Each structure stands twice: as C-alpha cells, then as structure tokens.
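Remarks on the structure that follows.
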Amino acid sequence: MLIKQPNAIRSSEITPESVYRERRRFLKLGAAGAIGALALPAQAGLFGGGDERPPGEPDFPGLKQSRFSVDEPPTSWESVTTYNNFYEFGTGKEDPAENAHTLVTDPWSVTVEGEVEKPGSYTFEDLLKPHTLEERVYRMRCVEGWSMVIPWVGFPLANLIRRLGPTSRAKYVEFTTLHDPQQMPGQRRTVLDWPYVEALRIDEAMHPLTLMAVGLYGRELPNQNGAPLRLVVPWKYGFKSIKSIVRIRLTEKQPQNTWNEMAPHEYGFYANVNPAVSHPRWSQARERRIGEFLKRDTLPFNGYAEQVAHLYKGMDLERFY
Ligand SMILES: Nc1nc2c(c(=O)[nH]1)N[C@H]1C(S)=C(S)[C@@H](COP(=O)(O)O)O[C@H]1N2
Ligand SMILES: [Mo]
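Residue numbers (UniProt numbering): 1 to 321.
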C-alpha cells in the first residue's frame with residue numbers, strides 16, 4: 001500500500017488555542033450566515049457510514065452541497081491528509097503531513113496586484129467575508145498517475161475576481177505560494193525555483209468549476225493540503241492547484257509557471273488532464289485511484305469535458321499540453 005498510518009500533527013495542536021478558536025469562530029459565522037435557515041446537514045447522507053470522515057466536529061457545519069459535485073465515493077480523510085505533494089515541506093508523499101505544522105496560517109494576508117481596480121493587501125478574513133462557502137466533491141488527478149476524490153470547502157474564484165474588478169487588459173491570473181524557508185523547510189533546498197507560481201488564463205479562472213478552497217471534509221484545510229487558502233482546478237493535473245497562496249496578480253502576458261520552468265517538455269502551461277497525450281516518461285492513459293487496487297481509465301479533462309472542453313476549441317492540445 002502507498003499509504004502510511006496517520007502521523008500528522010493537526011493544526012489545532014500547533015496553533016495557540018486562542019488564535020485558532022478566533023479563526024474558527026470567524027469561519028463558522030461566515031459559513032452559517034451565508035446559507036441561512038435553508039441549510040441541511042449535507043454530510044450525513046453523502047458519505048453514508050464508513051470511516052472516511054475525519055474525527056470530531058466539523059468547522060463548517062451545514063454546508064450547502066454544490067451541484068458541481070461528482071457522485072463518487074470520496075477518498076478517505078486519512079489518505080487525503082497524509083499522501084500529499086507539497087514540495088515546500090519535502091518531496092516525499094508523507095513529508096508534508098509530517099513537516100507542515102511549522103506553517104503559520106493565522107494571521108494570513110493575500111496581496112492583489114496587476115490589472116485590477118482594487119489592488120491591495122487583503123487579510124484572509126476580508127478576502128473571505130463576502131463569499132458563500134459550499135461543499136464541492138471533485139475528482140483530482142496528479143500528473144504522476146494517481147487520483148483522489150476530495151470534498152472541498154470553498155467558493156468560486158470567479159466571484160473573487162469579479163469583486164476585485166479586472167481591467168480590460170487582464171488576460172491571465174497568476175498565483176504565488178508563501179516563500180519563507182523558516183516556515184517551509186523544503187525551501188532551504190533548491191528543488192524548485194521558489195516561490196511556487198501557477199497561473200490560469202482568465203476564462204479558466206472565471207469558469208464556475210474553478211474553486212478557492214479553504215477546507216476539506218467539512219474541516220479547515222490541514223496545512224499539508226495548502227492552508228489557509230488554495231486553488232482547485234479539477235480538470236487539470238494537480239500541480240496547477242497551487243497551495244497556501246499569498247499573492248494574486250492579474251496580467252496581460254502569460255505568466256511563467258514553476259513546473260513549466262523546471263521541465264518545459266514535461267509540464268506545460270495548460271496541463272489539462274489528457275489520456276491521449278503522454279508525459280514524456282510515462283503514459284497518462286490510466287490512473288490509480290488512491291484506495292483502489294485496479295487502475296482505471298483516465299478521462300479527458302478528468303471527466304469534466306462537457307463543462308470545459310469549449311475553452312480549448314481550435315487549440316492543438318498536443319502542442320498546448
Ligand atoms: N505550493 C505548492 N502547491 C502545490 C504543490 C506544491 O508542491 N507546492 N504540489 C501540487 C501537486 S503536484 C498536487 S498533485 C497537489 C496535491 O494536493 P493535495 O496534497 O491537497 O492532494 O498540490 C499541488 N499544489
Ligand atoms: Mo501532482
């Protein structure tokens with residue numbers, strides 16, 4: 001098996017208790033306020049028994065279930081939170097769960113720059129306040145050939161971008177992860193050109209499937225999953241879903257993303273899940289769903305073709321991989 005026993009130190013054990021409770025109180029109020037009296041506890045029915053869910057109380061009780069959720073059994077909480085890619089905390093799959101407790105996620109702020117009408121530095125709380133959180137169960141596919149199904153908690157990135165007011169020159173949206181080798185020990189080695197940067201074309205960023213996530217399985221994001229704020233783009237290989245974002249920049253020119261810079265022939269800008277286009281060193285035709293034994297076929301656009309294929313009409317996807 002790929003999965004080790006849980007050894008993660010939860011953020012609740014690391015962050016000073018008072019600070020942690022403050023952040024939680026804010027998130028709870030926000031989520032509850034947004035859904036009001038109509039909300040039903042979606043989780044009970046959704047995961048029907050089993051022990052896939054995390055122990056303890058949810059941080060976001062009574063989340064609305066998104067109509068974009070897929071109807072597939074979610075990967076266990078244990079796997080989702082102990083089998084990670086987050087090179088800022090090491091290159092091994094178990095490294096992030098072991099090491100990410102040194103990341104301080106509260107206070108947190110995000111700098112907004114470039115082609116927007118409302119640039120500035122936003123606290124995590126200010127950034128979130130106007131948005132309605134919901135649960136979105138998404139298929140996720142890593143470029144390495146494994147996949148998961150993850151019940152994210154978040155809101156559409158489009159809503160945030162609209163609020164920031166893109167100028168007519170805004171063609172791309174660039175995201176940057178925190179750069180702090182004190183908190184991120186993996187950054188003391190130059191395995192990547194830090195900080196980690198990712199970007200989307202503006203129409204991809206505005207697509208209703210593109211999510212800003214703040215939680216999973218009804219809980220705040222564990223540090224190893226990109227706390228306190230990360231991108232989730234379910235039709236693209238996992239590396240586009242950048243974690244622990246501190247900067248959002250709208251640009252006219254296509255930004256340089258980290259993995260493309262590292263290995264341009266292996267990782268493109270688009271990174272749409274495509275079983276027909278092999279990675280130079282392996283096929284992308286099949287995948288291993290974590291928790292399952294037999295491999296399954298990988299679907300074009302990770303199964304989201306109906307919703308997103310039109311974004312790439314007329315593009316040669318062998319060239320724009
Ligand atoms: N900052 C940052 N974001 C990152 C990564 C990373 O190393 N650093 N890894 C990416 C890759 S390759 C994958 S598959 C997903 C994994 O997300 P998960 O650990 O929450 O499943 O995060 C992506 N976001
Ligand atoms: Mo990945």
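Backbone N, C-alpha and C fix where the C-beta goes; we use that ideal spot for every residue, glycine too. All figures in this text were calculated on a predicted structure; none of them were measured in a lab.
So if DSSP puts residue i in a beta bridge, which residue, or which two residues, is it bridged to?
i	result
arginine 247	Thr111, Thr176
valine 70	Answer is none; valine 70 lacks a bridge partner.
lysine 64	Glu134
histidine 279	Trp282
arginine 296	Glu287
asparagine 272	Lys236
Taking the alpha carbon of residue i as the point to measure from, which residue in the options has its own alpha carbon closest?
i	options	result
histidine 310	Trp235, Arg162, Gly62	Trp235
glutamate 115	Glu318, Arg249, Gly90	Arg249
valine 308	Ala100, Ala271, Glu204	Glu204
alanine 158	Ala213, Thr190, Phe269	Ala213
threonine 123	Arg247, Tyr87, Asp71, Glu318	Arg247
tyrosine 217	Leu27, Pro54, Phe26	Pro54
tyrosine 321	Arg289, Gln187, Tyr267, Arg288	Tyr267
leucine 27	Arg188, Phe68, Leu229, Tyr83	Leu229
proline 96	Pro195, Pro107, Thr82	Thr82
serine 109	Asp193, Leu103, Asp126	Asp126
valine 70	His101, Glu52, Ile150, Thr105	Ile150
serine 66	Leu192, Gly303, Val137, Glu198	Val137
proline 107	Leu178, Pro280, Leu192, Ala271	Leu178
proline 300	Asn272, Pro280, Glu287	Asn272
proline 280	Arg188, Glu52, Ala263, Glu94	Ala263
leucine 128	Thr105, Tyr304, Leu160	Leu160
glutamine 187	Glu287, Asn99, Ser168	Asn99
proline 195	Asn257, Pro208, Glu306	Asn257
proline 156	Ala305, Glu94, Leu231	Leu231
methionine 148	Glu306, Tyr312, Arg288, Arg319	Arg288
proline 130	Thr105, Val191, Arg163	Arg163
valine 104	Ser168, Gln182, His265	Gln182
arginine 169	Glu52, Leu221, Ile202	Ile202
histidine 265	Arg319, Glu144, Tyr312	Arg319
What's the gap between the Cα of residue i and the Cα of residue j?
i	j	result
valine 233	leucine 211	7 Å
leucine 2	proline 119	For leucine 2, the pLDDT reaches just 36, beneath the cut-off of 50, and the residue's location in the model is therefore unreliable, leaving the point undetermined.
aspartate 59	arginine 23	10 Å
lysine 64	phenylalanine 89	33 Å
leucine 294	valine 80	19 Å
glutamate 252	valine 173	9 Å
arginine 296	arginine 141	12 Å
glutamate 292	arginine 139	14 Å
glutamate 57	tryptophan 146	29 Å
asparagine 274	glycine 314	16 Å
valine 112	arginine 219	26 Å
isoleucine 35	threonine 132	Caution is warranted here: a pLDDT of 41 is assigned to isoleucine 35, below 50, making its placement in the model unreliable, and the coordinate value is therefore given only provisionally. Using only the alpha carbons, I get a separation of about 7 Å.
asparagine 260	proline 166	25 Å
threonine 176	proline 73	31 Å
asparagine 223	glycine 238	17 Å
valine 277	leucine 317	8 Å
isoleucine 290	tryptophan 77	11 Å
threonine 91	alanine 227	18 Å
proline 61	proline 185	34 Å
glutamate 117	glutamine 254	20 Å
threonine 102	phenylalanine 269	31 Å
valine 197	serine 283	26 Å
leucine 40	glutamate 135	Below a pLDDT of 50, predicted positions are generally treated as unreliable, and leucine 40, at 34, falls in that range; no measurement from the model is reported.
isoleucine 242	asparagine 225	10 Å
threonine 298	serine 121	40 Å
arginine 189	leucine 200	27 Å
phenylalanine 86	lysine 171	28 Å
tyrosine 304	proline 208	12 Å
aspartate 180	glutamate 94	21 Å
alanine 285	asparagine 302	11 Å
histidine 245	glycine 215	The sequence shown places isoleucine at residue 245, rather than the histidine named in the question. If I take the Cα positions, the gap works out to 14 Å.
How would you write the range of the alpha helix (DSSP H) that residue i sits in, first residue to last?
i	result
glutamate 287	Segment 286 to 289 is the beta strand (DSSP E) holding glutamate 287; no alpha helix (DSSP H) there.
alanine 305	305 to 308
proline 96	95 to 99
glutamate 78	77 to 82
Would the C-beta of residue i count as close to ligand 4, meaning under 7 Å from any of its heavy atoms?
i	result
glutamate 88	The model on display carries ligand 1 and ligand 2 but not ligand 4.
Is the Cβ of residue i closer than 8 Å to any Cβ of chain B?
i	result
threonine 190	The question asks about chain B, but that chain is absent: this structure has only one protein chain.
Legend entry - Every unbroken alpha helix (DSSP H) inside the UniProt domain "Oxidoreductase molybdopterin-binding" (105 to 259) [4 residues or more]: Runs of the alpha helix (DSSP H) inside the UniProt domain "Oxidoreductase molybdopterin-binding" (105 to 259): 124 to 128, 157 to 164, 202 to 206.
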